[in-house]
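Undergrad: There's a structure below that I have some questions on.
2 protein chains.
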Amino acid sequence: MSTDPYNGRMDAAGTHKYEQVASEIARLIDSGTFRPGDAIPSVRELSRQHGVSIATVVQAYYLLEAQGLIEARDRSGFYVRTARPSALPEPDISAPRSDPTGVSVRDVVAEVSLADTRHPNLVQLGAAHPNTSLGAPTALTRIQASVARRMGHRIGMYDYVPGCEPLRVQIAQRALSSGCRLSPDDVIITTGCTESINLCLRAVCRPGDTVAIESPTGFDALLSLDVLGLQALEIPTHPRDGISLDALRFALDHHRVSACLVVTNYNNPLGSCMPDDHKRDLVDLLAARDIPLIENDIFGEIHFQDRRPNVAKAYDRKGLVMLCSSFSKSLCPGFRVGWVVPGRFMPAIRWLKYTTSLASPTLSEYAIAEFVASGSYDPYIRRIRRTYERYVGALSDAVRRFFPPECRLTRPGGGFLLWVQLPERIDSLDLYRRALSAGIAITPGYLFSPTNQYRNFIRLNAANWSDETLPALRTLAALIGQ
Amino acid sequence: MSTDPYNGRMDAAGTHKYEQVASEIARLIDSGTFRPGDAIPSVRELSRQHGVSIATVVQAYYLLEAQGLIEARDRSGFYVRTARPSALPEPDISAPRSDPTGVSVRDVVAEVSLADTRHPNLVQLGAAHPNTSLGAPTALTRIQASVARRMGHRIGMYDYVPGCEPLRVQIAQRALSSGCRLSPDDVIITTGCTESINLCLRAVCRPGDTVAIESPTGFDALLSLDVLGLQALEIPTHPRDGISLDALRFALDHHRVSACLVVTNYNNPLGSCMPDDHKRDLVDLLAARDIPLIENDIFGEIHFQDRRPNVAKAYDRKGLVMLCSSFSKSLCPGFRVGWVVPGRFMPAIRWLKYTTSLASPTLSEYAIAEFVASGSYDPYIRRIRRTYERYVGALSDAVRRFFPPECRLTRPGGGFLLWVQLPERIDSLDLYRRALSAGIAITPGYLFSPTNQYRNFIRLNAANWSDETLPALRTLAALIGQ
Numbered sequence: 004m005s006t007d008p009y010n011g012r013m014d015a016a017g018t019h020k021y022e023q024v025a026s027e028i029a030r031l032i033d034s035g036t037f038r039p040g041d042a043i044p045s046v047r048e049l050s051r052q053h054g055v056s057i058a059t060v061v062q063a064y065y066l067l068e069a070q071g072l073i074e075a076r077d078r079s080g081f082y083v084r085t086a087r088p089s090a091l092p093e094p095d096i097s098a099p100r101s102d103p104t105g106v107s108v109r110d111v112v113a114e115v116s117l118a119d120t121r122h123p124n125l126v127q128l129g130a131a132h133p134n135t136s137l138g139a140p141t142a143l144t145r146i147q148a149s150v151a152r153r154m155g156h157r158i159g160m161y162d163y164v165p166g167c168e169p170l171r172v173q174i175a176q177r178a179l180s181s182g183c184r185l186s187p188d189d190v191i192i193t194t195g196c197t198e199s200i201n202l203c204l205r206a207v208c209r210p211g212d213t214v215a216i217e218s219p220t221g222f223d224a225l226l227s228l229d230v231l232g233l234q235a236l237e238i239p240t241h242p243r244d245g246i247s248l249d250a251l252r253f254a255l256d257h258h259r260v261s262a263c264l265v266v267t268n269y270n271n272p273l274g275s276c277m278p279d280d281h282k283r284d285l286v287d288l289l290a291a292r293d294i295p296l297i298e299n300d301i302f303g304e305i306h307f308q309d310r311r312p313n314v315a316k317a318y319d320r321k322g323l324v325m326l327c328s329s330f331s332k333s334l335c336p337g338f339r340v341g342w343v344v345p346g347r348f349m350p351a352i353r354w355l356k357y358t359t360s361l362a363s364p365t366l367s368e369y370a371i372a373e374f375v376a377s378g379s380y381d382p383y384i385r386r387i388r389r390t391y392e393r394y395v396g397a398l399s400d401a402v403r404r405f406f407p408p409e410c411r412l413t414r415p416g417g418g419f420l421l422w423v424q425l426p427e428r429i430d431s432l433d434l435y436r437r438a439l440s441a442g443i444a445i446t447p448g449y450l451f452s453p454t455n456q457y458r459n460f461i462r463l464n465a466a467n468w469s470d471e472t473l474p475a476l477r478t479l480a481a482l483i484g485q
Numbered sequence: 004m005s006t007d008p009y010n011g012r013m014d015a016a017g018t019h020k021y022e023q024v025a026s027e028i029a030r031l032i033d034s035g036t037f038r039p040g041d042a043i044p045s046v047r048e049l050s051r052q053h054g055v056s057i058a059t060v061v062q063a064y065y066l067l068e069a070q071g072l073i074e075a076r077d078r079s080g081f082y083v084r085t086a087r088p089s090a091l092p093e094p095d096i097s098a099p100r101s102d103p104t105g106v107s108v109r110d111v112v113a114e115v116s117l118a119d120t121r122h123p124n125l126v127q128l129g130a131a132h133p134n135t136s137l138g139a140p141t142a143l144t145r146i147q148a149s150v151a152r153r154m155g156h157r158i159g160m161y162d163y164v165p166g167c168e169p170l171r172v173q174i175a176q177r178a179l180s181s182g183c184r185l186s187p188d189d190v191i192i193t194t195g196c197t198e199s200i201n202l203c204l205r206a207v208c209r210p211g212d213t214v215a216i217e218s219p220t221g222f223d224a225l226l227s228l229d230v231l232g233l234q235a236l237e238i239p240t241h242p243r244d245g246i247s248l249d250a251l252r253f254a255l256d257h258h259r260v261s262a263c264l265v266v267t268n269y270n271n272p273l274g275s276c277m278p279d280d281h282k283r284d285l286v287d288l289l290a291a292r293d294i295p296l297i298e299n300d301i302f303g304e305i306h307f308q309d310r311r312p313n314v315a316k317a318y319d320r321k322g323l324v325m326l327c328s329s330f331s332k333s334l335c336p337g338f339r340v341g342w343v344v345p346g347r348f349m350p351a352i353r354w355l356k357y358t359t360s361l362a363s364p365t366l367s368e369y370a371i372a373e374f375v376a377s378g379s380y381d382p383y384i385r386r387i388r389r390t391y392e393r394y395v396g397a398l399s400d401a402v403r404r405f406f407p408p409e410c411r412l413t414r415p416g417g418g419f420l421l422w423v424q425l426p427e428r429i430d431s432l433d434l435y436r437r438a439l440s441a442g443i444a445i446t447p448g449y450l451f452s453p454t455n456q457y458r459n460f461i462r463l464n465a466a467n468w469s470d471e472t473l474p475a476l477r478t479l480a481a482l483i484g485q
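This is the structure we're talking about:
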C-alpha cells in the first residue's frame, strides 16, 4: 500500500481508503438506510465504527459532499441532501414538428394508463397519482363524517352550478397567494381538473380547431383533444422554463389557433415552471390576438421553493384566461372536486357544467371546504411539499446512480414527476412492457406527444416512494441495460 | 227544515246534514289532519262525536267514498284514499309541430331552475328533487363512514372507468327485475344520469344533427340538446302510454334522425309509462333504421304497481339501446352516482367518460354499492314507493279540489311528478313569478318544449309534501283564479 497526497491508503485495486468509506455510506443512502434529510453519523462516531482516522472520515465526507449526496449544516453535522443537483444533464428544449396534427393516443392510453390501475401490486412509478397515504384522506374522512352529521339530509341534495359557496370562498382566498384577486362568484366547482379543462375546450373550440400545447404534454390533455376532434399544435418547451414564447409567437403567426392549453407550474411530465414574467408575456401575447388561454395549475401548490409561483391568470386583463385546478394532486383525487375560473367565458362554462354533470358531489365539496377553512390544509400541504421534495430528490439520485450515464433527467422545482431521456436505442413502450412483467409500472414517452416525439423517454412518479422503489429502479436500470 | 228521501235534515242553506258531516271530514283531510292511508273515525264514534244518527254518518261516508276521498277496507273501516282517481280529465296526447327545431331554453332555465335553488324557504313544488328526508342519506352516511374506515386511504384514489366493480355487480343484478340480463362489464359508472345522457348524445350525434324526443320533455334534456348544438324533433306523447309510435314512425319517414331520447318509465313531466310491448315495438322500429335509442330510466324504480316495468333495453338485440339511470331520484342526488349501459357504443362512451371526468367519486360509489348489497336498499325503495304514491294522491286531490274545474291533470303510475293543464288564459311563466312572490316554487310549462307548446301547463312535484303544501296549493289556486 502507498500513501496519496491527501490522506490514508489505497487497497489492492488502487482505491483510497476514504473512497471505500464514502462508497459504503453511499450504499447505505441508496438502500434507504439513510434517507434524504436524515443525519448521518458524526465524524467521530464513524471513525470509531470503521477503525479509520478522523482525517479519512472527513475526506470521505468531503467526497460525498462533492458528489452531492450529503450536505453540511452549521454546527449540526452532515445530512443526506434532499434536493441535490442532478449529475445528469437536463433534456434539451423540445423540437416537435411545427404543423397542427390530429391526435390519436387512445390505443396506447388503453394499454398503459387504464391497464395499470388493474394491477394493485405493481411498484407504482407510472400514473401521476399523488400519495394518498400521507394523511389527507383520513383527516378528510373524519371531517366528512362530522359535516355529514351536521348537514343531515341536505348532503343528499343537488349542489347546482356554481357549487358549494364555502368552498368557492376558500378557493378565492387561497388564490391571493398565486397573484389572483378573485371573488367567490368567479369560481365554478367541477368534478375535477379534467372536467374543468374539457369544459373550457368545449367552450372555445369547435371540432377541427387547433389548440397550441406544450411538448411534451400530459396524455389526459391529448386524449381530450382526440375525443373532441381537435388538432394539436405542439410548441417547443424548455424542461425548466416551460413553453417557448418565441416558438409560440412564431406558431401563432403561421397557424390559426383557437386556444392555448398550458400547465404553467410544474408541467406534467417536465416539471417545468414558467417564470412569472414569462406568464405575463404569455398572457399579453395571447391577449393581443384574442386567443383564450386554458391554464392548468393542478400542481401549483406543490412547490419546493419558499414562495408559491403565480398563475398566468394573475396577469389577465381581458378575461381570456380560464384557470383550471383541483384538489386531486394536493389532497386526493377520489373526492372529485376541482374548479374553473372561466373569466369572460363564465356563461358558456356555466351551461356546459350544468349539462355535463348538473352538480358536483355535495359532501365532498363541503368536507374539503371545512378541511381548508379549519386551517388543516396549510400544514398538510407544507408537509407534503417537503415529502415530495425528498422523494423527487431520492428518485433523481437513484436514476443518476443506476441508469446509463448518457441519460438525461429533469430537475423539477415542484410536483412529483421526473422526465427521463433514455439512450436512443431504448423504445419506451417495449421497456414499459418488460417493466410491467417485472412488476413495475412506468409511463412511456409515447403518451406525451401526438406525433410520438418521445419514443425514448419515460416519466417516473416519485410520489409513492417506498422500500420497494430502489430495488425497482435497479431492476429498471438492468432492463434498460439489456 | 224538511226531510229528504234518504236521510236527515237540511239546514237553512239547503244542505243535508250528512253533507255537512262529509264536508267537515273533507276539510280535515284537506288540512292534513287525516292523511292519505290514515283510518278515519268509525261510524259509531263519529255518530257520538257529532250527535247525529248512525245513518247520517253512513250517508256522509258514502258521499266521501263517491267523491273518491275515502275507501272502505274489509272489516277495518274507512281510510283516506292513497291513489284516488282524478276527477279531472287527463291532458290530451300532445300535438307539437312536426319539424326539427333549434333549442333555446337557457334564459327561462336560468330564471326558473337555477333561481329556485337559491331560495331555501320556498314551498317546493318545482324542481324535480326527490325527498331526501326519507332516511336514505342518513343510512348512507352511516355506511359511508364505515366504508371509509375500512378502505382507508384508498378512498382518496381515482376509481377509473368503468368505475366501482361492486356497484356494477349490484346494478347488473337489479337489472333482472327490469327484464335485462347484464354483466357488470356492460356498465359504466357516471357522475349521474345527466352525465350518462350527455355522453350518449355526444357518442352518436354531431352538432346540427336531429334527436327525436317526447313532447313534453324534461328541460335538462332540452338544455343538453341546446348546448350540444342539436336539433329537437318533438314527437306527440300520450300522458299515460308515452311516446306515440305511429307519430314517431311518421317522423322517421320524413326526417333524418340521429338518435331518439325517451324516458320510458314515468316520463318527466307526464308520468307516462310505455307499456312493455310498446317498448319492444319502439326498439324494433329504431333497430330497423339503425337509430340509437337513448333510454332514461331514472324513475323506473319508483313504480306504484306491484311489478317494476321493464326497460326498452330488455328488448335490445342489436346493442343500439343506451340505457341511462342513476340513484338520484330513488336514493338522493347529492352523491352523484349514475350509470350507463351503452351497448355497442361502449368504446366511445368509455373514452368520453374518461375525458369528461376521468372517474366518479370513489366513496360515494362504494357506499352506495354496500347500501344496496347489504339489503338496505330494497326496504327503503319499497317504503318510498308507498310514500310517493300517497303524496301524489294527496297532491292530485288538492288540485282537483282547489283548481278551476276546466284544468286537466295526469295520473302517473310512478315517480312523483304531476303535469297540470291550466285554463288557456293562464301564462305559466307569469304564474310562476306570482307564485314565487308568494313563497311557492312551481315549474312553468315553458321549460318542457323547444317550441313553447305548454304555455298554460305547470309541473308540480309531490315528493316534498309537508304541512305547508295544502295552504300553498290554495294560494296557487287563488293566483290562478285572479
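Line order of the protein sequences matches chains A and B. Going by our numbering, the first residue of the first sequence is number 4, and it counts up by one from there. Going by our numbering, the first residue of the second sequence is number 4, and it counts up by one from there. We put the CB at the ideal spot given by N, CA and C, even for glycine.
(1) Please confirm whether residue 205 (chain A) and residue 355 (chain A) have their CB atoms less than 8 Å apart.
(2) Excluding the 5 residues preceding and the 5 following residue 107 (chain B) in the sequence, name in chain order all residues of the same chain whose CB lies nearer than 8 Å to its CB.
(3) Comparing alpha-carbon positions, which option in A:358, A:305, A:471 and A:99 lies nearest residue 330 (chain A)?
(4) So residue 230 (chain B) contacts chain A; which residues on that side make the cut at Cβ distance below 7 Å?
(5) What residue range does the beta strand (DSSP E) around residue 236 (chain A) cover?
(6) Anyone know if the C-beta pair for residue 422 (chain A) and residue 274 (chain A) falls short of 8 Å?
(7) Can you pull the chain B neighbours of residue 201 (chain A), defined as C-beta to C-beta under 9 Å?
(8) Around the C-beta of residue 124 (chain B), are 16 or more other C-beta atoms found within 10 angstroms, so that it is buried, or is it exposed?
(9) What's the C-alpha gap between residue 128 (chain B) and residue 417 (chain B)?
(10) Grouping DSSP H, G and I as helix and E and B as strand, with all else coil, what is residue 354 (chain A)?
(11) Which two residues bound the contiguous beta strand (DSSP E) that contains residue 193 (chain A)?
(12) Quick one: list the residues of chain A neighbouring residue 51 (chain B), beta-carbon separation under 8 Å, in chain order.
(13) Could you tell me the alpha carbon to alpha carbon distance between residue 167 (chain A) and residue 185 (chain A), rounded to whole angstroms?
(14) Which whole runs of the alpha helix (DSSP H) in the region 419–446 of chain A are 4 residues long or more, in chain order?
(15) If you draw a straight line from the alpha carbon of residue 2 (chain B) to that of residue 277 (chain B), how long is it in whole angstroms?
(16) State yes or no: is the beta carbon of residue 167 (chain B) nearer than 8 Å to at least one beta carbon in chain A?
(17) Using beta carbons (cut-off 8 Å, strictly below), is residue 226 (chain A) in contact with chain B?
(18) Expressed to the nearest angstrom, what Euclidean distance is found between the alpha-carbon atoms of residue 105 (chain A) and residue 311 (chain B)?
(19) Consider the Cβ of residue 160 (chain B): report whether some Cβ of chain A lies at a distance smaller than 8 Å.
(20) Is the Cβ-Cβ distance between residue 21 (chain B) and residue 63 (chain B) less than 8 Å?
(21) Can you list the beta strand (DSSP E) stretches of 3 or more residues lying completely in the region 235–287 of chain B, in chain order?
(22) Can you confirm whether the region 175–195 of chain B touches the region 363–373 of chain B when touching is taken to mean that 3 or more C-beta pairs between the two stretches lie within less than 8 Å?
(23) If we cut at 8 Å on Cβ distances, does residue 12 (chain A) have a partner in chain B?
(24) Quick one, are the C-beta atoms of residue 332 (chain A) and residue 301 (chain A) less than 8 Å apart?
(25) Under 8 Å between the Cβ atoms of residue 442 (chain B) and residue 431 (chain B)?
(26) Does residue 36 (chain B) pass the burial test, meaning 16 or more other C-beta atoms within 10 Å, or should it be called exposed?
(27) Got a sec: which bits of the region 323–348 of chain B sit with their beta carbon under 7 Å from any beta carbon on chain A, in order along the chain?
(28) Use the C-beta contact count for residue 466 (chain A): other C-beta atoms within 10 angstroms, 16 or more gives buried, fewer gives exposed.
(29) Using 8 Å as the limit for Cβ to Cβ distance, is residue 109 (chain A) near chain B?
(30) Interface residues of chain B around residue 198 (chain A) at Cβ under 8 Å?
(31) Where does residue 83 (chain B) sit, in a helix, a strand or coil, going by DSSP?
(32) Looking at C-beta atoms only, is the number of pairs between the region 348–363 of chain B and the region 371–386 of chain A that lie closer than 8 Å three or more?
(33) If I measure Cβ to Cβ from residue 218 (chain B) and keep anything under 7 Å in the same chain, skipping five residues before and after, which residues do I get?
(34) Please tell me whether residue 324 (chain B) and residue 266 (chain B) are closer than 8 Å, where the distance is taken between their beta carbons.
(35) I'd like to know if residue 366 (chain A) contacts chain B, where contact means its C-beta is closer than 8 Å to some C-beta of that chain.
(36) Taking Cβ positions only, does residue 136 (chain B) come closer than 8 Å to chain A?
TA: This is what the structure gives:
(1) yes
(2) 229 and 453
(3) A:305
(4) 354, 355 and 358
(5) 234–241
(6) yes
(7) 358, 359 and 360
(8) exposed
(9) 17 Å
(10) helix
(11) 191–193
(12) Chain A residues near residue 51 (chain B): none, gap ~42 Å exceeds 8 Å.
(13) 16 Å
(14) 431–440
(15) Not covered by the structure: residue 2 (chain B). The range shown for chain B is 4 to 485.
(16) no
(17) yes
(18) 47 Å
(19) yes
(20) yes
(21) 262–266
(22) yes
(23) For residue 12 (chain A), the predicted structure reports a pLDDT of 49, less than 50, and the residue's modelled location is therefore unreliable. The matter cannot be settled from this model.
(24) yes
(25) no
(26) exposed
(27) 335, 336, 337, 338 and 339
(28) buried
(29) yes
(30) 359, 360 and 361
(31) strand
(32) no
(33) 97, 99, 237, 238, 239, 240, 452 and 456
(34) no
(35) yes
(36) yes
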